[in-house]
Structure formats: structure tokens, C-alpha cells
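Here is the structure we will look at.
Number of protein chains: 2
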Amino acid sequence: MEKLIIKVDGMSCEHCVKAVTNAVNALPGIESVEVDLKAGTVTVEHDPAQSPADKIKFEIEEQGYDIVS
Amino acid sequence: MEKLIIKVDGMSCEHCVKAVTNAVNALPGIESVEVDLKAGTVTVEHDPAQSPADKIKFEIEEQGYDIVS
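Those protein sequences? They're chains A and B, same order as listed.
Residue numbering for the first sequence follows the UniProt record's numbering, beginning at 1 and increasing consecutively.
Residue numbering for the second sequence follows the UniProt record's numbering, beginning at 1 and increasing consecutively.
Structure (C-alpha cells):
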């Protein structure tokens, strides 16, 4: 497992938290997803062999948010 | 039908628009619901005999938002 901290733009409410959390959780090899609305971050513990960082970031973008880093 | 303009606090994104629109639309006697995120308003055309203003406001509060007026 690796820990990935993604800076995300546009998450503004608890609905956004749910949308991002559910989308990332649906990927394989995800151990945990934590969204910090104030910090604008998504912290993911993942198996990079199953779900690499790029795939996770793509999934978040698919929900309508912008990846800052 | 009567037109009701409710000022609502806390609606921040398209998920909020959906949550409020769906909740109000589920009430009886609702002809239309329009959410203006920038203005923070919900405009409802309703039959007050079926769904009075108080009931509509209560439903919006139930979704986690504050009624300003």
C-alpha cells in the first residue's frame, strides 16, 4: 500500500466528499479514502499495482473536479 | 399556483442544486423548482393548498441548508 495525497479544486460540500469518496472507492486496490474539504485534499491509501495514481486522479476528474497536483 | 422565492444559505455546488431540486419536487403540488447558486435562491411554483411555503422550507432545511428568508 502507498499513501497518495492529491490536491483537488472545486470540492465544496459534503455531496462532493461523497461523490469523490465513492468514485475512488470503486477502484480496485483502494484501502482508504479521506477527503479534507478545507484543505482541498484527497488522501488515498492504495495498491499502485492495481490502481496507480494517474487512474485515481482521472476518476476524480471524471466527477467534475480539477486536479491541482 | 403561486411563486415563492426562498433565500437559502449553504448551497455550493451542482450536487446541492440536485439535492434541493429533488427534495422539493417530491412534494405534492409543485410545478417548478429553480435553484440559482450565485444568488442563493430557490424559486418554486407551487399550489399552496397542497404544499405551503413552510413545508417547502422545512424540506430544504432537511437537506442540510439554512433558510435565510
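From the three backbone atoms N, C-alpha and C, an ideal C-beta is built for every residue, glycine too.
Values in this document were obtained by computation on a predicted structure and should not be read as measured data.
Beta-carbon contacts of Asp-9/B that lie in its chain and below 7 angstroms, excluding the five residues immediately before and after: Here residue 9/B is taken as the residue at index 9 of the second sequence, counted from 1. Only Gly-40, Tyr-65, Asp-66, Val-68 meet the Cβ criterion.
Alpha helix (DSSP H) segments (min. 4 residues) lying fully within the UniProt domain "HMA" (2 to 68) of chain A: Listed in chain order, they are 14 to 25, 53 to 62.
Where Ala-19/B meets chain A, residues with beta-carbon distance less than 8 angstroms: On the second sequence, position 19 is the one that residue 19/B refers to. What Ala-19/B touches in chain A, judged by beta-carbon distance under 8 angstroms, is His-15, going in chain order.
C-alpha distance - Gly-29/A paired with Ile-5/B, whole-angstrom precision: Position 29 of the first sequence, counted from the start, is the residue given in the question as residue 29/A. Position 5 of the second sequence, counted from the start, is the residue given in the question as residue 5/B. Computed Cα separation, rounded: 47 angstroms.
C-alpha gap between Phe-58/B and Leu-27/B, whole angstroms: In the second sequence, residue 58/B corresponds to position 58, counting from 1. In the second sequence, residue 27/B corresponds to position 27, counting from 1. The straight-line gap from Cα to Cα measures roughly 11 angstroms.
Proximity winner among Cys-16/A, Glu-31/A, Gln-63/A, relative to Glu-2/A (alpha-carbon distances): Reading the first sequence from its first residue, position 2 is the one you call residue 2/A. Nearest C-alpha to Glu-2/A: Glu-31/A.
Ile-60/B vs Val-20/B beta-carbon contact at 8 angstroms: The residue you call residue 60/B lines up with position 60 of the second sequence. The residue you call residue 20/B lines up with position 20 of the second sequence. Contact: yes.
Proximal residues to Val-35/B (C-beta, below 7 angstroms), its chain only, five neighbours per side dropped: Indexing the second sequence from 1 puts residue 35/B at position 35. Met-11, Val-17, Val-20, Thr-21, Val-42, listed in sequence order.
Under 7 angstroms by beta carbon: chain A residues contacting Ser-69/B: Taking the first residue of the second sequence as position 1, residue 69/B is located at position 69. The premise fails here: Ser-69/B is roughly 21 angstroms from chain A at the closest Cβ pair, so nothing lies under 7 angstroms.
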